[in-house]
Amino acid sequence: MSASFRVLHVSDYAAAYEGAFIRQLRMLDEEIASRGGSPSAFGLTPAALAQPWAHALALDDWKLAALPPSGTNAARAAVNAIADAMHDVEPEVVHVHFGTYDLAARAALRSLRSDPRFADTKLVWHYRTALEGPVSARGPVRRLKDWIKFPRASRGVHLVVGVTNALATEAVARGVEPQRARGVVAGCDTDSFRPDLVARARVREELGLVDDDILLLHMGWTWHRKGGDLLAAALGQLTDTDGR
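Here it is, written out as structure tokens:
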């Protein structure tokens, strides 16, 4: 890997906490550095740039760029902002997370293809939650949007990554060519997110659970997008195998 190798991440993530997402990007950056590459770059919204974790990234030599908040009226501004960030850092890979800036990043890269510096730049769309509602439940408007994005626009994308094989399969069901889709299971940094036995005991006591009771939690704002169906399937398997 050359010393100039750099990844430009693009995302609307703006939570106050670093969470597993930013830690995963740091782990990727550490791997790139171990192979001789440059510190990563990150296109973020103003709300994200104000967060402590963004300041910490800057202190670690990440190149940060401001993106307009998502919205129909900001689409052209987002394309221009991503193109400007690409000019500044000349990335080998543009890695877009969560879907918000997928089309803007594709348009930005397409506008720069005539520049030899970006002739071989790779674009990656990375999905970490299910895509809207179930594929089988899509209405006409959602089907049209999917047709524009997945069978057509994704042809300019090197890889479409899902954090599970099921999510990669869902992208294919929406129109992504199978050879472009990959399931890359997202791990959790157990050093940064170590189980707290004291907190675990307190929660189980409050819920009236004994030590050997099985507890599964669903953390998400919508059942489908955060894998509620997978949780239900896991519960069924545990019940079948454990007898409880």
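First residue of the sequence shown: 3, per this note's numbering; consecutive thereafter.
Here a beta-carbon is modelled for each residue, glycine too, at the ideal position from N, C-alpha and C.
Item: Touching by the beta-carbon criterion (3+ pairs, under 8 Å), the region 21 to 38 and the region 103 to 120; Value: no
Item: Boundaries (first-last residue) of the alpha helix (DSSP H) holding residue 21; Value: 21 to 36
Item: Those residues which DSSP pairs with residue 240 across a bridge; Value: DSSP lists no partner for residue 240.
Item: Buried or exposed (CB count within 10 angstroms, at least 16 for buried), residue 215; Value: exposed
Item: Limits of the unbroken alpha helix (DSSP H) element including residue 89; Value: 77 to 91
Item: Selected residue, minimal CA-CA separation from residue 45, among 5, 110, 21, 36; Value: 110
Item: Selection from 160, 153, 198 that minimises the alpha carbon distance to residue 173; Value: 153
Item: Neighbour-count burial assignment, residue 89, 16 or more Cβ in a 10 Å radius; Value: exposed
Item: Nearest-angstrom Cα separation, counted from residue 156 out to residue 239; Value: 36 Å
Item: Proximal residues to residue 115 (C-beta, below 8 Å), its chain only, five neighbours per side dropped; Value: 121
Item: Cβ pair residue 55, residue 41 closer than 7 Å; Value: no
Item: DSSP three-state assignment for residue 9, whether helix, strand or coil; Value: strand
Item: As assigned by DSSP and simplified to three states, the class of residue 17; Value: coil
Item: Nonlocal neighbours in the same chain, by C-beta distance under 7 Å from residue 160, ignoring five residues either side; Value: 124, 125, 126
Item: Check whether residue 107 and residue 95 have beta carbons under 7 Å apart; Value: no
Item: Alpha-carbon spacing of residue 67 relative to residue 101, whole angstroms; Value: 18 Å
Item: Reduced DSSP secondary structure (H/G/I, E/B, other) of residue 100; Value: coil
Item: Beta-carbon proximity of residue 141 to residue 164, cut-off 7 Å; Value: no
Item: CA nearest to the CA of residue 149, picked from 167, 128, 179; Value: 179
Item: Residue 128 in three-state terms, based on DSSP; Value: strand
Item: Contact under 7 Å by Cβ, residue 183 with residue 170; Value: yes
Item: Range of the contiguous alpha helix (DSSP H) that encloses residue 200; Value: 199 to 208
Item: Nonlocal neighbours in the same chain, by C-beta distance under 8 Å from residue 48, ignoring five residues either side; Value: 68, 71
Item: Beta-bridge partners of residue 44, as assigned by DSSP; Value: 11, 66
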